[in-house]
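Peer 1:
2 protein chains.
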Amino acid sequence: MNYDALCEQIKRKRSFLCVGLDTDITKIPSFLLKEEDPVFEFNKRIIDATAQYAVAYKPNIAFYEAHGVSGWKSLEKTINYINLIYEEIFVIADAKRGDIGNTSKMYARAFFEQLSCDAITVAPYMGKDSVSPFLEFSNKWVILLALTSNQSASDFQLLETKNDTKLYEDVLKKSLEWGNKNNLMYVVGATKADHLKEIRKLVPDHFLLIPGVGAQGGSLKEVAENGMNENCGLLVNSARSIIYADSSTDFDRMASKKANELQSEMAQLLRNHRIV
Amino acid sequence: MNYDALCEQIKRKRSFLCVGLDTDITKIPSFLLKEEDPVFEFNKRIIDATAQYAVAYKPNIAFYEAHGVSGWKSLEKTINYINLIYEEIFVIADAKRGDIGNTSKMYARAFFEQLSCDAITVAPYMGKDSVSPFLEFSNKWVILLALTSNQSASDFQLLETKNDTKLYEDVLKKSLEWGNKNNLMYVVGATKADHLKEIRKLVPDHFLLIPGVGAQGGSLKEVAENGMNENCGLLVNSARSIIYADSSTDFDRMASKKANELQSEMAQLLRNHRIV
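Protein sequences, first through last, are from chains A and B. The first sequence begins at 1 in our numbering and counts up by one. The second sequence begins at 1001 in our numbering and counts up by one.
(1) Determine the chain A residues that contact Thr1103/B at a beta-carbon separation under 7 Å, and present them in chain order.
(2) Of all the options Ile1079/B, Met1126/B and Asp1099/B, which has the alpha carbon lying nearest to the alpha carbon of Phe1112/B?
(3) Assuming Gly1212/B and Ser1149/B make a contact with CB atoms under 8 Å, what is their CB distance in whole Å?
(4) Label Asp252/A either buried or exposed according to how many other C-beta atoms from any shown protein chain fall within 10 Å of its C-beta, with 16 as the threshold for buried.
(5) In whole angstroms, what separates the C-alpha of Ser1219/B from that of Leu1209/B?
(6) When the distance is taken between beta carbons, is Leu32/A closer than 9 Å to Pro59/A?
(7) If you count every other CB in all the chains shown that lies within 10 Å of the CB of Lys221/A, and 16 or more means buried, which is it?
(8) Could you pull the start and end residues of the beta strand (DSSP E) that Phe31/A belongs to?
(9) When we look at the beta-carbon of Ser248/A and count the other beta-carbons within 10 Å, is it buried (16 or more) or exposed?
(10) Evaluate Asn180/A with the Cβ neighbour count: other Cβ atoms within 10 Å of its Cβ, from every protein chain shown; 16 or more gives buried, anything less gives exposed.
(11) Out of Ala267/A, Lys73/A, Ile242/A and Tyr3/A, which one is the CA nearest neighbour of Val19/A?
(12) List, in order along the chain, the chain A residues whose C-beta lies closer than 7 Å to that of Tyr1186/B?
(13) Tell me which residues of the segment 1031-1044 of chain B have at least one Cβ-Cβ distance to chain A shorter than 8 Å, keeping chain order.
(14) Looking at chain B, which residues of the segment 148-163 of chain A have a Cβ within less than 9 Å of any of its Cβ atoms?
(15) What residue from Ser152/A, Glu230/A and Trp178/A has the CA that sits closest to Glu136/A's CA?
(16) In chain order, what are the residue ranges of uninterrupted beta strand (DSSP E) at least 3 long that sit wholly in the segment 37-116 of chain A?
(17) Considering only C-alpha positions, which residue in the set Ala1110/B, Val1055/B and Pro1038/B is nearest to Gln1263/B?
(18) I want to check one thing, is the minimum distance from the CB of Gly1098/B to the heavy atoms of the ligand FAD below 8 Å?
(19) If you run the structure through DSSP and keep just helix, strand and coil, what is Tyr1186/B?
(20) Considering only C-alpha positions, which residue in the set Gln1114/B, Leu1147/B and Glu1036/B is nearest to Ala62/A?
(21) For the segment 1190-1209 of chain B, which residues have a beta carbon sitting closer than 8 Å to at least one beta carbon of chain A?
(22) Can you list, in chain order, the stretches of the beta strand (DSSP E) that have 3 or more residues and sit fully within the segment 1218-1273 of chain B?
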């Protein structure tokens, strides 16, 4: 998917919601456990219930890999289902990969070709040649870790460098030499809303993927105030507060309600910023 | 596997060789393609041919993920085969993972429980809470990226910080608060032999995993001179120069010869340092 198509979807749905598919078999409604593939059945119902309010889904790859071959099957089925039924929706593999060139190329094939995702999250520690192989795929995206939402993000990301910047700012600046707003986004934790303004100065046009709204404590309003640009430029992820909102046989109805609530709030923010 | 068992194996085999299983189906001998699982058949023959000279195997997870479910099956079979037939051998998942706490825990389950690896490579960018979940497993290891062998490692790893150190040194120092020589190793590229001496001062007792000897240009002698400690403290990885040494039906005999050559050189270096 390209930049314009993503922006168009955001305007049409009046939403910049990404639903995180952090599907944990120990947390899904127990009646699903009798299904042949409970994880896929759960995802399918969550997707059907939320697709009208969401512009993106983000399967968290660890939750699938933890179940080996069967987990990978659930993941494949989930992504194929989204691509088949809701082809306008942006699919992000939250995989945090990154390795030397020939290895990153293999990861790119895994997630862009084998799984047909639109985007993958990538860790920057190994530098340009670990990121570039992902950028060579047309209409595919790297979402580079910049400033994450976890507490110990401060261990290194906020480290001051001799450039008189913090490490995550060096990551942003350097990466602008590798890609552009059409193939590169950044992960910025919502718990760091105070940093968002600074980040927007460095990357005014790029999309930012914002985890940490909801269960992790970030505020949507603050994120929009500090991070929204003229095309929205935000994808805000919510996982647990939507997918585990209810554990009855009607869990998907409650997930739909929660997604709708977030979408309504987002529609208002988009109106406030005259984007819709 | 614990520290002492690894040291004991190194002394017994007079080797600190790790064989990288970067198995690419387009590079393996073509006669294997008629097998049901060519990747596993290739790995099995490489393992049987090199196990007497190697103390560790390191499957590069990207090469398996690139084939989705079938790749994950080949990976599982490969690791199960090593654990069954050569249980004394150390198995490293070269996965470069790292995410927020609850997600890292899932990756730990994937590689330590589901796949029964001894160790996993982890990227440090997200800090302590992305690494700690891996350290909670008894007799399992984190191999943290410190200074990698790729050219653009310099983009961030060599960045000078206001602590008057380079970023990779901050990573080493900080991580010493999280783990110890019994559950934490470091990736240090052999192409950076000049940095090895400095690294040894910071982490005198820890094992270092050294990729980049052979195809990537590093020298084994230089690595030993600068990085060996009183228990060896090194695992040197070689992949392409062993596993793709030959493409005939006798490819495994040539792999064995190449592994033996490296092991002989290692035995001499271990004798020079009075470790054996």
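C-beta atoms are modelled at their ideal positions from N, C-alpha and C, and glycine is treated no differently.
Peer 2: To lay it out plainly:
(1) Asn60 and Ala62
(2) Among Ile1079/B, Met1126/B and Asp1099/B, the Cα nearest to that of Phe1112/B is on Ile1079/B.
(3) 3 Å
(4) With 16 or more other Cβ atoms within 10 Å, it is buried.
(5) 14 Å
(6) no
(7) exposed
(8) Note, Phe31/A: premise wrong, no beta strand (DSSP E); not H, not E.
(9) exposed
(10) exposed
(11) Ile242/A
(12) By Cβ distance, chain A contributes nothing, its closest Cβ being about 13 Å from Tyr1186/B, past 7 Å.
(13) none
(14) Thr148, Ser149, Asn150, Gln151, Ser152, Ala153, Ser154, Asp155, Phe156, Gln157, Leu159, Glu160, Thr161, Lys162 and Asn163
(15) Trp178/A
(16) 56-59 and 90-97
(17) The shortest C-alpha separation from Gln1263/B is found at Val1055/B.
(18) No copy of the ligand FAD appears in this structure; indeed no ligand is present at all.
(19) Looking at Tyr1186/B - three-state DSSP - the assignment turns out to be strand.
(20) Gln1114/B
(21) none
(22) 1234-1238
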